[in-house]
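In the working numbering, the protein residues as written are 947 to 1399. What follows is one structure encoded as structure tokens, with my remarks underneath.
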């Protein structure tokens, strides 16, 4: 009765969540949640989509168990076993999923992984397979939407919804770290630290080193520029509160890039912060399941070493930083003048903004948001992560072509003087090791030793 009263009060205060749950009703019917658990005991929901991951999923579940009994006993893990219908998915993937469902059912019955609570969504069988054209975005969404409904049923709207992948086991203490982070009621969304696991094959190893160097370099560059979208876009490291999930419109249904767009919406509607002491080990394997992402990058690697891979020119981030400072310091200037000032910074910037309707957009912001901080926030909602990367791509094709990783990394010594980074004559793995340590410091203080990677 107490949970029911709390739920009704919470939903009355958050009509956005009530509307969201109502809108998703057909999804709950098509892909029901199976599991025996007490909703009143759930303090966090972890969602894991799995496509032919029988060999890895249960290892990841075991890794979640390397947290305190208290953290485990308040955690519901929802696994979404998914594939397309026969003829659209390989027969071996469907069989792997069906075997996973059978094993999962047995594990739930015997209480394996207790005290964690387990539930599963069958998006694999003939009548429940994902529609053609859908993929990991929908699989994540199904699980997260169910997680939202569970948390809303007891009014725990500040509790976290956590994204993980079947091939991305977390480090010890992961659940404790996430739950501690969201005890602060000001939290909205967060991301864990990450370190890709290295494949054994030399070429694939160099590829994942190059990919992770790129991710870390790009994140540092955006942070140097003052972008609010300076975080790694990885599906296995995202978390947010239940109310944040509904407020941003929930997970999108994209087959790839769902993590980028989901994190962007969370950043637009609130804050995206590093979760202290939470660490995930994503897979670095070859894959073609999505049109782009880690697996595709590894497969497409053709350079001699990781340090020969092209990176965005450091000047792109320097120009972005000057532009963001210009906007911040000239909030009262009209759109035409601000566009002129921007063009003076660089002609490509002026042309890009003109083509995106900057003057009209800026005038609208000036009229609607009198408070300078609100206006600046809404400017970054307009000039979002997607527009940022589109502008960088425009620069790389014209004024600021890519540099090799070896050349571009020199900028980091200026951007991060406190780190005293020096990359001369260092091989790719040593460079990545230094960048990983820099990244881990953003997720301190650590309550456990730095992992041996």
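Cβ atoms here follow ideal geometry from the backbone N, Cα and C, with glycine treated the same way. None of these values were measured; they are calculated from a predicted model.
{"Check": "Residue 1354, buried or exposed, once every other Cβ within 10 Å from all chains shown has been counted against 16", "Outcome": "buried"}
{"Check": "Span of the beta strand (DSSP E), counted from its first residue to its last, around residue 1219", "Outcome": "1218–1226"}
{"Check": "Contact belief for residue 1226 with residue 1182 at Cβ below 8 angstroms, rounded distance in angstroms", "Outcome": "5 angstroms"}
{"Check": "Selection from 1022, 1128, 1210 and 1154 that minimises the alpha carbon distance to residue 1228", "Outcome": "1154"}
{"Check": "Paired residues, beta bridge with residue 992 - DSSP", "Outcome": "1023 and 1108"}
{"Check": "Residue 994 vs residue 1112 beta-carbon contact at 8 angstroms", "Outcome": "yes"}
{"Check": "Residue 1001 - containing alpha helix (DSSP H), residue span", "Outcome": "1000–1010"}
{"Check": "Alpha helix (DSSP H) segment containing residue 1068, residue limits", "Outcome": "First-last for residue 1068: 1063–1069, but that is the beta strand (DSSP E), not the alpha helix (DSSP H)."}
{"Check": "Inter-residue spacing [alpha-carbon to alpha-carbon] between residue 1263 and residue 1107", "Outcome": "32 angstroms"}
{"Check": "Residues near residue 1305 by beta carbon distance below 7 angstroms, same chain, minus five either side", "Outcome": "1281, 1282 and 1285"}
{"Check": "Simplified DSSP assignment, three categories, for residue 1167", "Outcome": "helix"}
{"Check": "Residue 985 beta carbon less than 8 angstroms from that of residue 1099", "Outcome": "yes"}
{"Check": "Alpha-carbon spacing of residue 1386 relative to residue 1143, whole angstroms", "Outcome": "16 angstroms"}
{"Check": "Where residue 1031 sits in the DSSP three-state scheme", "Outcome": "coil"}
{"Check": "Cβ pair count under 8 angstroms reaching 3, the region 1293–1300 against the region 1334–1346", "Outcome": "yes"}
{"Check": "Start-end ranges of the alpha helix (DSSP H) lying completely within the region 1317–1370, minimum 4 residues", "Outcome": "1318–1328, 1331–1342, 1351–1354 and 1357–1361"}
{"Check": "Cβ shell of residue 1192 (< 6 angstroms), same chain only, five flanking positions each side left out", "Outcome": "962, 963 and 966"}
{"Check": "From 1165, 1373 and 1359, residue whose alpha carbon lies closest to that of residue 1367", "Outcome": "1359"}
{"Check": "Residue 1358 at chain D interface by Cβ criterion, 8 angstroms", "Outcome": "Checking the listed chains, one finds no chain D in this structure; it contains a single protein chain."}
{"Check": "Beta-bridge pairing of residue 1140 - partner residues as DSSP gives them", "Outcome": "1226"}
{"Check": "Which residues DSSP lists as bridging residue 1194, in chain order", "Outcome": "DSSP, once it has assigned bridges, lists no residue as partnering residue 1194."}
{"Check": "Length of the line joining the Cα atoms of residue 1083 and residue 1089", "Outcome": "10 angstroms"}
{"Check": "Element boundaries [beta strand (DSSP E), containing residue 1114]", "Outcome": "Unbroken run through residue 1114: none, as it is neither H nor E."}
{"Check": "Whole-angstrom distance between residue 1369 and residue 1379, CA atom to CA atom", "Outcome": "11 angstroms"}
{"Check": "Helix, strand or coil at residue 979 according to DSSP, with G and I counted as helix", "Outcome": "strand"}
{"Check": "Residue 1301 beta carbon near the ligand GTP (any heavy atom closer than 7 angstroms)", "Outcome": "Looking for the ligand GTP in the displayed structure turns up nothing, as the structure carries no ligands at all."}
{"Check": "Beta-carbon proximity of residue 1018 to residue 1097, cut-off 8 angstroms", "Outcome": "no"}
{"Check": "Validate contact between the region 1007–1018 and the region 967–979 using beta carbons, cut 8 angstroms, 3 pairs", "Outcome": "no"}
{"Check": "Selection from 1160, 1341, 1067 and 1103 that minimises the alpha carbon distance to residue 1029", "Outcome": "1067"}
{"Check": "Nonlocal neighbours in the same chain, by C-beta distance under 8 angstroms from residue 1311, ignoring five residues either side", "Outcome": "1321, 1324, 1325 and 1328"}
{"Check": "Three-state secondary structure assigned by DSSP to residue 1174", "Outcome": "coil"}
{"Check": "Local Cβ density within 10 Å of residue 1234, reported as buried at 16 or more and exposed below that", "Outcome": "Here residue 1234 scores only 47 on pLDDT, less than 50, and its place in the model is too uncertain to base an answer on."}
{"Check": "Residue 1381 (DSSP reduced to helix, strand or coil)", "Outcome": "helix"}
{"Check": "Close Cβ partners of residue 1075 (< 7 angstroms) along its chain, the five nearest in sequence each way excluded", "Outcome": "1029, 1030, 1031 and 1069"}
{"Check": "Residue 1141 to residue 1289 span [Cα, whole Å]", "Outcome": "39 angstroms"}
{"Check": "Buried versus exposed call for residue 1245 [16 or more other C-beta atoms within 10 Å across all chains shown]", "Outcome": "Because residue 1245 carries a pLDDT of 47, less than 50, the predicted location of this residue cannot be relied on, and the following value inherits that uncertainty. Label assigned to residue 1245: exposed."}
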